[in-house]
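Those protein sequence lines, which keep their order, are chains A and B. Sequential numbering from 1 applies to the first sequence in our numbering. Sequential numbering from 1001 applies to the second sequence in our numbering. Reading through the structure tokens given below for one structure.
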Amino acid sequence: MLVVDLFVNGLIVGLFYALMAVGLAMIFGVLKIVNFAHGEFYMIGAYTYVLVALKLGVSPWAALPLAAIAGALVGWLVERSLMRPLYAGYGSWSIMKDEYAVVVTFGLSLFLINLVDKVVGPYPYRGPALVETSRFAIGPVMLNGQKLIAAGVSAALLIGLALFIKRSLWGRQIQAVAQNRLGASLAGIDATRTTSLIFAISGLLAALSGALLAPVINPSPDVGGFPAVKSYVIVVLGGMGSVWGAMIASLLLGVLESFFAVYVSYDYRDAFGLLILMLVLIFRPQGLLGEKVREL
Amino acid sequence: MTLLRTEGLAKHFGGVAAVDDLALAVEEGEILGLIGPNGSGKTTALNMLSGFLVPDRGSVWFADENVTGKKPVALARRGLLRMFQTTRVFVRISAFDNLLTAGLARGLDEAEARERARVLLEELTLTPVMYLDAGQLSGGQRKLLEFGMCFIAPPRLALLDEPFAAVHPVMRETMARFIRRRNEEGHTFLVVSHDMPIVVELCDRAACMNAGRLIAIGATRDVLQDPVVIEAYLGSESHV
Chain A
1 MLVVDLFVNG
11 LIVGLFYALM
21 AVGLAMIFGV
31 LKIVNFAHGE
41 FYMIGAYTYV
51 LVALKLGVSP
61 WAALPLAAIA
71 GALVGWLVER
81 SLMRPLYAGY
91 GSWSIMKDEY
101 AVVVTFGLSL
111 FLINLVDKVV
121 GPYPYRGPAL
131 VETSRFAIGP
141 VMLNGQKLIA
151 AGVSAALLIG
161 LALFIKRSLW
171 GRQIQAVAQN
181 RLGASLAGID
191 ATRTTSLIFA
201 ISGLLAALSG
211 ALLAPVINPS
221 PDVGGFPAVK
231 SYVIVVLGGM
241 GSVWGAMIAS
251 LLLGVLESFF
261 AVYVSYDYRD
271 AFGLLILMLV
281 LIFRPQGLLG
291 EKVREL
Chain B
1001 MTLLRTEGLA
1011 KHFGGVAAVD
1021 DLALAVEEGE
1031 ILGLIGPNGS
1041 GKTTALNMLS
1051 GFLVPDRGSV
1061 WFADENVTGK
1071 KPVALARRGL
1081 LRMFQTTRVF
1091 VRISAFDNLL
1101 TAGLARGLDE
1111 AEARERARVL
1121 LEELTLTPVM
1131 YLDAGQLSGG
1141 QRKLLEFGMC
1151 FIAPPRLALL
1161 DEPFAAVHPV
1171 MRETMARFIR
1181 RRNEEGHTFL
1191 VVSHDMPIVV
1201 ELCDRAACMN
1211 AGRLIAIGAT
1221 RDVLQDPVVI
1231 EAYLGSESHV
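Right, dumping it as structure tokens:
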């Protein structure tokens, strides 16, 4: 029953991918920009979790929400301080400064990596696990406690986010701003505040992803680079700016990679995502869900 | 009572004075038509009134408050709403959800927003398409939907930019009826339009702009017969 084991473990990896990629998709959906500092939100979450737990002696269970809060705070601050020129002045609402966003977020990424490198140090830390258990089997599926808890938290958060976007007032406002920023402001929706919220959510999800995986990834300053690249692949795969597309693409990629690693090549499993991306771009350039159903 | 007024409002784009020294007043409860040839500055004026452009000079007063330079969302929350010539509905959610979103954003509770959305959809003849995504509606239906979004929490003043342009006559009549009904309930409108029969039928007063300046204001028929206005539209005899 290797197939079931690979499928379930692939889904779990996909959940981690989704936690990371959804925030990126939300930012693209609303501002039509790529946040090149998204990986550093992940890094901040991982470091906050590890340092708070190790240096301050706080329980890992308490460090987890603190890491999420740190990510949300950084996301919110980034939007307030660096992103506002993108849409400041309603006279230029249609001229989003894409190049500005590329330079600023890329610069921010380098700044944060080097800041952590100088302040905390270049060496990896090993974070404490949420639960100390050895691997165990549920039927044919081999799991470990940390991974199972991380997957559970991820799944709960993603379901919560989906409900939040579909049902809550703020979720409706996010959808409105993503679909028509100008129309949203005419309807009485504060598009600027909504954008702040999106950055905060994006930072929170990425940071939580980093914190949940901190015991496995042993964070170093450049730890966000690889998950960020994965997220870009997923966002394009799912359809640029589509939150639902990003969720589906994450799960799909997790499962396919899991099978590829066993049946084709473990060493090239991460390159497999790029291969899928190329195929999707050739046959369905708009991504899996595509432009017609792109929505938040 | 004067609901909206401008004092010495001006906006230049490079060397072009799009709006120059505009002093306009909209009285509470009226429908004021803003007319003028293409390029006369109507839309620029509307952009400044609704917060989408910051004037170079002058001020905008709404309900005796200086609102110059305030953002559209701040003005919307004060009850000054603007509709664009091209619709700005949310195309990937249903017509009903468009209204609900606008209602909730403007402070209605959910039950109230749902009830008002249903009533408005009925009045605007959109009930049969209420669960279709707004992107699937015709241009005219989207305009009607935008009227609904504007009036789900009725504004004190609605600024309408060419609401009747490129709309089927039946829907145009639905819109005109909607505006008249809201006006009878006490709502105020500033309507920019090139459609003179509708302006005559709908507007109590009219103001005419030409080359960025206000050249006439008064009872609609008087303004349309004003030689200065006729000259602005048709050119002087020497040019004929």
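We put the CB at the ideal spot given by N, CA and C, even for glycine.
Expected contact under 8 Å - CB spacing of residue i and residue j to nearest Å
i: residue 15 of chain A; j: residue 259 of chain A; result: 17 Å between Cβ atoms; not a contact.
i: residue 1091 of chain B; j: residue 1006 of chain B; result: Incorrect: roughly 34 Å between the Cβ atoms, too far for contact.
i: residue 1096 of chain B; j: residue 1121 of chain B; result: 7 Å
i: residue 971 of chain B; j: residue 1199 of chain B; result: This structure cannot speak to residue 971 of chain B, because chain B is shown only from 1001 to 1240.
Chain B residues whose Cβ lies nearer than 8 Å to that of residue i
i: residue 190 of chain A; result: 1073
i: residue 210 of chain A; result: Ordered by position in chain B, no residue passes the 8 Å Cβ test against residue 210 of chain A, which lies about 31 Å from the chain.
Rounded separation between residue i and residue j - CA only
i: residue 1211 of chain B; j: residue 1073 of chain B; result: 29 Å
i: residue 1013 of chain B; j: residue 122 of chain A; result: 53 Å
i: residue 1008 of chain B; j: residue 1026 of chain B; result: 15 Å
i: residue 1214 of chain B; j: residue 1023 of chain B; result: 7 Å
i: residue 217 of chain A; j: residue 48 of chain A; result: 14 Å
i: residue 1039 of chain B; j: residue 1019 of chain B; result: 10 Å
i: residue 91 of chain A; j: residue 213 of chain A; result: Confidence at residue 91 of chain A is low in this model, with a pLDDT of 45, below 50, so the placement of that residue is unreliable and no value is reported for it.
i: residue 1105 of chain B; j: residue 1139 of chain B; result: 24 Å
i: residue 1057 of chain B; j: residue 1010 of chain B; result: 5 Å
i: residue 284 of chain A; j: residue 249 of chain A; result: 13 Å
i: residue 102 of chain A; j: residue 133 of chain A; result: 43 Å
i: residue 76 of chain A; j: residue 221 of chain A; result: 21 Å
i: residue 280 of chain A; j: residue 251 of chain A; result: 16 Å
i: residue 64 of chain A; j: residue 35 of chain A; result: 24 Å
i: residue 1114 of chain B; j: residue 168 of chain A; result: 14 Å
i: residue 1185 of chain B; j: residue 1178 of chain B; result: 11 Å
i: residue 120 of chain A; j: residue 68 of chain A; result: 19 Å
i: residue 11 of chain A; j: residue 255 of chain A; result: 6 Å
i: residue 1080 of chain B; j: residue 1130 of chain B; result: 26 Å
i: residue 114 of chain A; j: residue 107 of chain A; result: 11 Å
i: residue 1209 of chain B; j: residue 237 of chain A; result: 52 Å
i: residue 187 of chain A; j: residue 244 of chain A; result: 25 Å
i: residue 210 of chain A; j: residue 42 of chain A; result: 5 Å
Cross-chain neighbours of residue i in chain A, by beta carbon under 9 Å
i: residue 1080 of chain B; result: What residue 1080 of chain B touches in chain A: nothing, since even the nearest Cβ is about 11 Å away.
i: residue 1101 of chain B; result: 169, 172, 173, 175, 176, 184, 187, 189
i: residue 1095 of chain B; result: Going along chain A, no residue has its Cβ under 9 Å from residue 1095 of chain B, so there is no contact; the nearest lies around 13 Å.
i: residue 1076 of chain B; result: 185, 186, 187, 188, 189
Proximal chain A residues relative to residue i, where beta-carbon distance stays under 7 Å
i: residue 1088 of chain B; result: 180, 182, 183, 186
i: residue 1106 of chain B; result: 188
i: residue 1176 of chain B; result: The premise fails here: residue 1176 of chain B is roughly 21 Å from chain A at the closest Cβ pair, so nothing lies under 7 Å.
i: residue 1149 of chain B; result: 187
From the options, residue whose alpha carbon lies closest to that of residue i
i: residue 58 of chain A; options: A/113, A/250, A/130; result: A/130
i: residue 40 of chain A; options: A/156, A/74, A/11, A/64; result: A/74
i: residue 173 of chain A; options: A/86, A/193, A/160, A/275; result: A/193
i: residue 1127 of chain B; options: B/1173, B/1227, B/1144; result: B/1144
i: residue 25 of chain A; options: A/136, A/233, A/61, A/188; result: A/233
i: residue 1119 of chain B; options: B/1184, B/1134, B/1100; result: B/1100
i: residue 164 of chain A; options: A/139, A/201, A/226, A/128; result: A/201
i: residue 179 of chain A; options: A/263, A/242, A/62; result: A/242
i: residue 1044 of chain B; options: B/1031, B/1082, B/1028, B/1032; result: B/1082
i: residue 1187 of chain B; options: B/1129, B/1142, B/1032, B/1048; result: B/1032
i: residue 116 of chain A; options: A/224, A/155, A/78; result: A/224
i: residue 44 of chain A; options: A/229, A/111, A/289, A/273; result: A/111
Per-residue burial, residue i [other beta carbons within 10 Å of its own, 16 or more giving buried]
i: residue 1182 of chain B; result: buried
i: residue 271 of chain A; result: exposed
i: residue 46 of chain A; result: buried
i: residue 1107 of chain B; result: exposed
i: residue 71 of chain A; result: buried
i: residue 1066 of chain B; result: exposed
i: residue 166 of chain A; result: exposed
i: residue 1225 of chain B; result: exposed
i: residue 1168 of chain B; result: exposed
i: residue 33 of chain A; result: buried
i: residue 1230 of chain B; result: exposed
i: residue 1002 of chain B; result: exposed
i: residue 1195 of chain B; result: buried
i: residue 136 of chain A; result: exposed
i: residue 61 of chain A; result: exposed
i: residue 1149 of chain B; result: buried
i: residue 1004 of chain B; result: buried
i: residue 1189 of chain B; result: buried
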